[in-house]
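Below is one structure, written out as structure tokens; comments come after it.
2 protein chains.
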Amino acid sequence: MEIITTGCIVAPAGFLAGSVSCGIKIAKDSLDLGIIFSAYPSTGAALFTTNQIYAAPVKLSRKIITRGCVRAFIVNSGNANACTGKQGYMDAEEMVRIAARYLKISEEELLIASTGIIGRPLPMDKIAAGIQSVVNSLGNTQEHGDDMARAIMTTDTKQKAIAVRLKIDKKEVTIGGITKGAGMIAPNLATMLCFLTTDVSMPPSLLNECLRNSVESSFNRITIDGHMSTNDTIAIIANGASGVNLLSKNDDLRIFQQGLDYVTSSLAKSIVMDGEGATKFVQIDVIGARSRSEAARIARSIADSPLVKTALNGEDPNWGRIVSAAGYAGVELDESKTTLSINDILIFAKGMPAQCDLTALSRSMKNMDITIRLALGLGDSRDTVWTCDLSHEYVTINAEYHT
Amino acid sequence: MEIITTGCIVAPAGFLAGSVSCGIKIAKDSLDLGIIFSAYPSTGAALFTTNQIYAAPVKLSRKIITRGCVRAFIVNSGNANACTGKQGYMDAEEMVRIAARYLKISEEELLIASTGIIGRPLPMDKIAAGIQSVVNSLGNTQEHGDDMARAIMTTDTKQKAIAVRLKIDKKEVTIGGITKGAGMIAPNLATMLCFLTTDVSMPPSLLNECLRNSVESSFNRITIDGHMSTNDTIAIIANGASGVNLLSKNDDLRIFQQGLDYVTSSLAKSIVMDGEGATKFVQIDVIGARSRSEAARIARSIADSPLVKTALNGEDPNWGRIVSAAGYAGVELDESKTTLSINDILIFAKGMPAQCDLTALSRSMKNMDITIRLALGLGDSRDTVWTCDLSHEYVTINAEYHT
């Protein structure tokens, strides 16, 4: 598997991207509108936020994706078009209508996503002019791909993109992806977006299944601050330009799934590493659980505890906070079977503090990467969650921002 | 109803208290061991943490309370006796045994609670000597009551006590209470304790019902950081010294319940006001819900969101964070019926930002007391949660503490 780090979203054959600064963002010359386009007919799949308050583009894309034929994504940053009522929905429809006309595709082949400030109307004149410029500038150079990754950023400090090249049936297949994240609703900005492209061909139902599997082990395993956004969207287009058709669950599909998993995991982890104020990348493994869902609940309870997160920020191996956060996850535990290691050093064994080299442990807490491993001794299931710490910088970013 | 603010825990007739500094806490001369004692035979009721990881004293008290005859509480601060295995349980039993002997009551009439550091063995020599001194110093002066409130403190900055005096059946009845809180597991300190005394007499089952009702509308309505402790204990003793017997659900019981509710609400709110790093006292009212439990879930989701809490700290009326936190509470919502007021100023009406006096709203955010009122338009149920903000001070307290 070859890893590609530039031009990622247009690395698969037959994809073009374009982006412009059309004036949605306040910062001048900041890219804020982009389109990813497949030169060939293609299928698509998408997953959205489960928040009951969801943005107009999510509502519209949910409707469009039911057909499964997707040739393009249109995305703006700087304005989430969320909590904007009927006008917001009509604006999203208008964006799709204009883009479809310039791209010469059907309105039913275009997914839309927005990220940025909540509760403000979209500047539709600027966007209409912007769409025309974007379509005129579509291309597949590295620069086109990298600019596209930047066009979806809000409070992100780094662009986040990756692609992988695989061999399936002796042919070259590529999967590319870009994402943006930061805080879950970073200074009122909403929020996690991920776009994926690939040059295999796949029926929409199978593509949807692959995407779901992949998201389950990547984006659904991360948490910055437990605050779920109104705009989260993860979508993929498969255009078949590689000549590889994946029609059923076989070895070829498994190779593709592994490649897709690599792309989504890398992108998900890159969101955590760029979390607001994050100084630590923390992997929480819960093993020996009765079921994967119980393991996940405990891992999330630990990951979302402000007391655990502040201890991590302070580089303190505060096992009492970790164990007690596990205890209130709503899962039946047996303290006398519970064992905790931090950075592979055993600190709590079967319900009792363990004798351990505290100097070595404290030293290891200074690493950027921290691994917490809680063994429940109740079964054979496990799960992993990735998170970051809670720092003064997080409070500064989120308390000092004013609406 | 008369409000009493000194000597509260011994304000009801027939109660004594005593406390000493026996050397569990590192700070010299800090009170760290206390006993509350009824001079007469009495009944008791208690509620405990639902955390699956719970401390030895919780395990032992759960066993003792099943009989319903309680004449004394013994409490230490500075050490939670949590995550201490079999030795911890034997130590808790030993504390009860020694105290019962000096108090000349049965071991089955004594509830025990501990708060402080997790995972360290209790210094049993110091405690054994301390118990004898406490019993020798029992009394019912204001000083005895106030010292008792201090003896249960850990990172609390203020002692928290209140009592009320009521007339029931033309007789004077008093209910007294003390509590301690701060962070949920403040620098590794575990955690919320509340002791109540009253001079009515009541069968254990009815007393338990009154306590449950009262806790439901007080301690179960607060959240500092969503991190539930291993040691939470709320307990009451009723000794009948007022000559008032409450045997069934009648008007007299309702008067008592109102008094008890006042005491528990006051104590619960005092914990929020003294939350780690708290600068705001925030009331979250969710109205128009399908059920109380749905209203509670939404109120808690808002209260526990770090993004909402940091916005409150920054005195910013960031309604997008509040509405989106409501949206991920796992309750079905209709955005077009959702309305939000902050400090009685309408800012989001039926799914759309409302025209409002932003200057007045921003000014009102500078108050210490903030009220958030979310109307769902789905039914007639409601609930309220009290919380505080998330400040730099919270991160400092919890990141800079080292185990």
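Listed in order, the protein sequences are those of chains A and B. Position one of the first sequence corresponds to residue -14 (the numbering used here), numbered consecutively onward. Position one of the second sequence corresponds to residue -14 (the numbering used here), numbered consecutively onward. The beta carbon of each residue, even a glycine, is placed where N, CA and C say it ideally should be.
For Phe241 (chain A), the enclosing alpha helix (DSSP H) has its first and last residue at 236 to 258. Residue burial is scored here from C-beta neighbours: Pro291 (chain B) has at least 16 other C-beta atoms within 10 angstroms and is therefore classed as buried.
Annotation for Thr183 (chain B): Pro(-3), Ile160, Ala223 place their beta carbon closer than 6 Å to its own, counting only its chain and skipping 5 residues before and after. Taking a Cβ-Cβ cut-off of 9 Å, the neighbours of Met213 (chain B) in chain A comprise Ser309, Ala310, Gly312, Tyr313, given in sequence order. Leaving aside the five residues that flank Met258 (chain A) on each side, the residues in its chain whose CB is nearer than 6 Å to its CB run, in chain order, Phe266.
Taking C-alpha positions only, Arg358 (chain B) is separated from Gln268 (chain B) by approximately 8 Å. At a C-beta separation below 8 Å, Gln340 (chain A) has no neighbours in chain B, since its nearest C-beta there lies roughly 12 Å away. Scanning the region 39 to 117 of chain B for uninterrupted beta strand (DSSP E) segments of 3 residues or longer gives 57 to 64, 95 to 102, listed from N- to C-terminal end.
Between Gly336 (chain B) and Cys179 (chain A), the gap from beta carbon to beta carbon reaches 8 Å or more. The continuous stretches of beta strand (DSSP E) do not include Glu300 (chain A), and DSSP gives it neither H nor E. With 16 or more neighbouring CB atoms inside 10 Å of its own CB, Ile49 (chain A) falls in the buried class. Between the alpha carbons of Thr208 (chain A) and Leu252 (chain A) lies a distance of about 13 Å. As the crow flies, the alpha-carbon of Ser91 (chain B) is around 10 Å from that of Ala57 (chain B).
The residues Pro291, Lys294, Thr295, Asn298, in chain order, have a CB closer than 7 Å to that of Leu375 (chain B) in the same chain once the five nearest residues on each side in sequence are set aside. Remark: C-beta atoms of Thr215 (chain B) and Ala98 (chain B) do not approach each other more closely than 8 Å.
Comparing alpha carbon positions, the residue from A:Ala220, A:Ala288, A:Asn235 closest to Ile355 (chain A) is A:Ala288. Among the residues of the region 14 to 36 of chain A, those with a Cβ less than 9 Å away from any Cβ of chain B are Thr34, Thr35, Asn36, in the order of the chain. Residue range 156 to 165 is occupied by the beta strand (DSSP E) that includes Val158 (chain A). For Ile(-11) (chain A), the enclosing beta strand (DSSP E) starts and ends at -13 to -11. Near chain A, meaning a CB-to-CB distance below 9 Å, the residues of the region 324 to 339 of chain B are Phe333, Lys335, Gly336, Met337, Pro338. Arg275 (chain A) sits in coil when the DSSP states are folded into three classes, being neither helix nor strand. With a cutoff of 8 Å on beta-carbon distance, Lys145 (chain B) and Ile221 (chain B) are scored as not near each other. As a beta-bridge residue in DSSP terms, Ile207 (chain B) pairs with B:Trp371. Looking at B:Ala12, B:Leu32, B:Ile(-11), B:Ala274, the one whose alpha-carbon comes closest to that of Arg367 (chain B) is B:Ala274. Taking the Cβ atoms as the reference, Ser4 (chain A) lies roughly 17 Å from Ala148 (chain A), outside the contact range of under 8 Å.
With respect to Glu261 (chain A), Asn383 (chain A) sits close: the two C-beta atoms are nearer than 8 Å. Against chain B, the CB of Pro291 (chain A) has a partner CB under 8 Å away; the residue lies at that interface. The Cβ neighbour count for Ala345 (chain A), taken over all protein chains shown within 10 Å, is under 16; the residue is labelled exposed. Remark: fewer than three beta-carbon pairs, one from each stretch, lie closer than 8 Å, so the region 68 to 82 of chain A and the region 27 to 34 of chain A are not flagged as touching. Judged by pairs of C-beta atoms under 8 Å, the region 225 to 244 of chain A does not touch the region 117 to 130 of chain A, as fewer than three such pairs exist. Thr176 (chain A) and Ala339 (chain B) have their C-alpha atoms spaced approximately 23 Å apart.
The three-state secondary structure of Pro338 (chain A), taken from DSSP, is strand. One thing to note: Gly8 (chain A) has its Cβ within 8 Å of the Cβ of Pro108 (chain A). With respect to Ile(-6) (chain B), Met133 (chain B) sits close: the two C-beta atoms are nearer than 8 Å.
A direct Cα-to-Cα measurement between Arg285 (chain B) and Ala314 (chain A) gives close to 15 Å.
With the criterion set as a beta carbon lying under 7 Å from some beta carbon of chain B, the region 184 to 199 of chain A has no members that meet it.
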